[in-house]
Amino acid sequence: MKILVTGGAGFIGSHLCDRLLGRGHTVVCLDNFNDFYDPQIKRRNIQDAQKSPNYTLATGDILDTAFLDSVFAESFDVVVHLAAYAGVRPSIDNPSLYQKVNLEGTVNLLEQCRRRDIKKFVFASSSSVYGGRTEVPFRESDNIMKPISPYAATKAAGEAICHSYHHLFGIQMHLLRFFTVYGPRQRPEMAIHLFARQLLEGKPVRLFGDGESSRDYTYIDDIIDGVTACTENCHGFEVLNLGGSRTTSLKRLVEMISEQMGIAPVIEWLPNQPGDVPITFADVSRAKAVVGYEPQVPIEEGVRRFCQWKKALQ
Ligand SMILES: NC(=O)c1ccc[n+]([C@@H]2O[C@H](COP(=O)([O-])OP(=O)(O)OC[C@H]3O[C@@H](n4cnc5c(N)ncnc54)[C@H](O)[C@@H]3O)[C@@H](O)[C@H]2O)c1
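The sequence shown begins at 169 in this note's numbering and counts up by one.
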């Protein structure tokens, strides 16, 4: 297939491009290399992919409709839309930017799909759409109308507009709710990567809340298994959780990273952050039934692999 991956130089996108190329697909990676974190990291992420004759890089912004016209001058079998401003906390300071890129950018891509008769669209949604609730596990049928950050709200709204395009124009639509993804190339500001860096630099590990907040962490290879299976084998309209389906407390997470790094942590406790949810936990039974998704990498092993990668970079 010929597949457009937006945000293809980022953490998840670059792994996805690598996997799709390995499976014989032709990939166009669209990315604007913004400075949400160091763009050099994104350049590095795509170094291997760029060696493939089946890989093309389209550098530009999903808000630039003339640029999108030129990219969509060729046709695609599937668009996998990962480009977004990610991260809950910065969205509270800059909601308009999040709204613009995450929502208007998504509409721009959907419009291209409608005009060019592209049959399939895969959208990166997020566990954050489930809001600040504590009843777990989270199921796709749960109400998502109470997001607690602008970022989460843009993802819930993105899902809604995707549904409209499915309904109106018959575009097959797969809305994938990722649960905290980690592994090599993870964004530098995310928990795990941030804690590992603080340990390596001999700085205190700064933890928000009492350490009991829990997340369902998903190893990058498992996420890529799920996204690839949906890209290749899913049909119609689907909303699917892609998670590790296990929760780990913040305290336990830091213990695991410290063990792997061989560095005892000095913890600096800080108050809870607005916008942060207390727990995430994915019920992945629907993803298993629809595309055979089954997370393979438990957190202990994933953290070990991540720390190995991080230490090798030093
Ligand atoms: N990493 C996670 O744990 C997680 C969890 C839930 C959802 N998601 C979603 O998955 C997607 C990928 O996340 P990631 O962690 O790989 O983030 P990332 O920041 O590493 O990747 C996003 C990429 O999109 C690009 N981009 C941003 N705005 C753009 C624009 N206007 N035009 C073109 N390119 C643009 C960035 O340069 C970046 O390379 C995002 O949609 C994110 O919201 C991620």
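Here a beta-carbon is modelled for each residue, glycine too, at the ideal position from N, C-alpha and C.
Collapsed DSSP secondary structure at residue i in the structure displayed
i      : result
Tyr385 : coil
Tyr350 : strand
Thr416 : strand
Cys402 : coil
Asn409 : strand
Val196 : strand
Lys287 : coil
Ile214 : coil
Tyr461 : coil
Ala234 : helix
Arg301 : coil
Gln476 : helix
Asn268 : This sequence places Lys at residue 268; Asn is not what is there. Helix at Lys268.
Glu469 : helix
Val395 : helix
Tyr253 : coil
Val422 : helix
Sequence-distant residues of its chain with Cβ nearer than 7 Å to residue i (five each side left out)
i      : result
Pro446 : Gly300, Thr302, Ser381
Asp216 : Asp186
Phe363 : Val373, Val422, Ile425
Minimum C-alpha distance to residue i - residue among the options
i      : options                        : result
Val487 : Ser332, Cys185, Met429, Ile312 : In the structure displayed, the chain extends from 169 to 482; residue 487 sits before or after that span and is not available.
Asn222 : Tyr333, Ile316, Asp245, Leu188 : Leu188
Arg284 : Pro207, Asp245, Leu343         : Asp245
Leu198 : His249, His183, Asp186         : His249
Phe306 : Gly176, Gly411, Leu438, Pro433 : Gly411
Gly377 : Tyr387, Gln354, Glu436, Ala432 : Glu436
Val195 : Tyr205, Val349, Thr174         : Thr174
Gly192 : Phe405, Asn440, Lys170         : Lys170
Lys287 : Leu231, Lys219, Leu172, Ala177 : Leu172
Gln476 : Thr448, Pro442, Met429         : Met429
Ala458 : Thr448, Asn409, Glu469         : One detail in the question is off: residue 458 reads as Val in this sequence, not Ala. Taking only the C-alpha atoms, the option nearest Val458 is Asn409.
Glu279 : Gly178, Thr448, Asp232         : Asp232
Ala241 : Leu277, Ala455, Ala251         : Leu277
Gly159 : Arg473, Pro439, Cys185         : Only positions 169 to 482 of the chain appear in this structure, which leaves residue 159 out of reach.
Ala432 : Lys456, Gly443, Leu367         : Leu367
Val452 : Leu344, Asp216, Leu184         : Leu344
Cβ neighbours of residue i in the same chain (closer than 6 Å, five flanking residues each side left out)
i      : result
Pro318 : Ser259, Pro263, Tyr266
Phe289 : Val247, Cys281, Ile339, Met341
Thr348 : Arg383, Tyr385
Leu225 : Cys197
Gly470 : Tyr387
Close beta carbons around residue i, own chain, < 8 Å, minus the five adjacent residues each side
i      : result
Pro207 : Phe201
Pro315 : Ser296, Val297, Gly299, Ala321, Lys323, Ala324
His403 : Gln340
Check: residue i C-beta below 7 Å from any heavy atom of ligand 3
i      : result
Arg374 : Ligand 3 is not among the ligands present in this structure, which contains only ligand 1.
**Request:** Decide yes or no for the touch test of the region 387–398 against the region 419–429: beta carbon pairs closer than 8 Å, at least 3 of them.
**Result:** No: the two stretches stay apart, fewer than three of their Cβ pairs being nearer than 8 Å.
**Message:** Is it the case that the region 315–325 contacts the region 423–435, given that we only count it when at least three CB pairs across the two stretches are under 8 Å?
**Reply:** No, they do not touch.
**Given 8 Å, three or more beta-carbon pairs between the region 397–413 and the region 355–363** = Because the criterion of three Cβ pairs below 8 Å is not met, the region 397–413 and the region 355–363 do not touch.
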